[in-house]
Amino acid sequence: MVDLLSAISVYLVFLTFLFNSIEKEIQKSLDLIKPEKEQQKKLKQYKKEVREILFIKSLPISIIYIVSFYVLLPITINILKESSFNIIDFDVLNTFFLFIEVGLFGLSLYAISKTYKLCMKLYK
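Structure below.
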C-alpha cells in the first residue's frame, strides 16, 4: 500500500502542476469578451481560440481526473467496506488514501465545471 500511495502522490503532483498551468489559460479564455456578430473575423478568431482551449486543454484534463478517480474507486470502496470508524485508532495509510480519492473527486468536479463554462461560452 505504501508503494501505491507513493506512486499516486507523484502522479497527483504531476496532474496538479499540469492543471495549474492549464487553468490559467482556461480562465483567460473565460474572461474574453465575445465580439459582436457584425465583427465576423474577430468572432471567428474568438470561437477558434475558445474551441482550442476547450478541446486541447480543458476536456482532456477533465477526462484524466475522471479516469484517475474511477481507477482508484474500487480500492476506496474496499477500504470503506473493511474498515471501521474509529477516531483514536485508525489506519493512517487507508485514511490518507481516502483523502486522496476525495481530493480527486473535488478536482474532477472543478475541471468539469471549467469545461462546462467553456462549452457554454462557446455555444451560447
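For the sequence shown, the working numbering assigns the number 6 to the initial residue and increments by one for each residue that follows.
Note that CB positions come from ideal geometry on N, CA and C, so glycine has one too.
These numbers were taken from a predicted model, which means no experiment stands behind them.
Asked, Found
"Along the alpha helix (DSSP H) that carries residue 44, what are the first and last residues, could you check?", "From DSSP, residue 44 is part of no alpha helix (DSSP H); its letter is neither H nor E."
"If you check the beta carbons only, do residue 10 and residue 122 fall under 8 angstroms apart?", "no"
"My output table needs one value for residue 53: the three-state DSSP class, helix, strand or coil.", "helix"
"For residue 91, which three-state DSSP category applies?", "coil"
"To the nearest whole angstrom, what separates the beta carbons of residue 46 and residue 127, a pair I think is in contact under 8 angstroms?", "Wrong, their Cβ atoms sit about 17 angstroms apart, outside the cutoff."
"Check this for me: beta carbons of residue 12 and residue 70, under 8 angstroms apart or not?", "no"
"With distances taken from CA atoms, which of 14, 15 and 20 is nearest residue 112?", "20"
"Who are the near neighbours of residue 78 in its chain, counting only those whose CB is closer than 8 angstroms to its CB and skipping five residues on each side?", "106"
"Quick check: the Cα distance between residue 65 and residue 50, rounded to an integer number of angstroms?", "22 angstroms"
"Under the rule that 16 or more other beta-carbon atoms within 10 Å means buried, what is residue 15, buried or exposed?", "exposed"
"By how many angstroms is the C-alpha of residue 41 removed from the C-alpha of residue 103?", "48 angstroms"
"Which same chain residues, not among the five before or five after residue 39, have their C-beta less than 7 angstroms away from its C-beta?", "51"
"I need the DSSP call for residue 129, collapsed to helix, strand or coil.", "coil"
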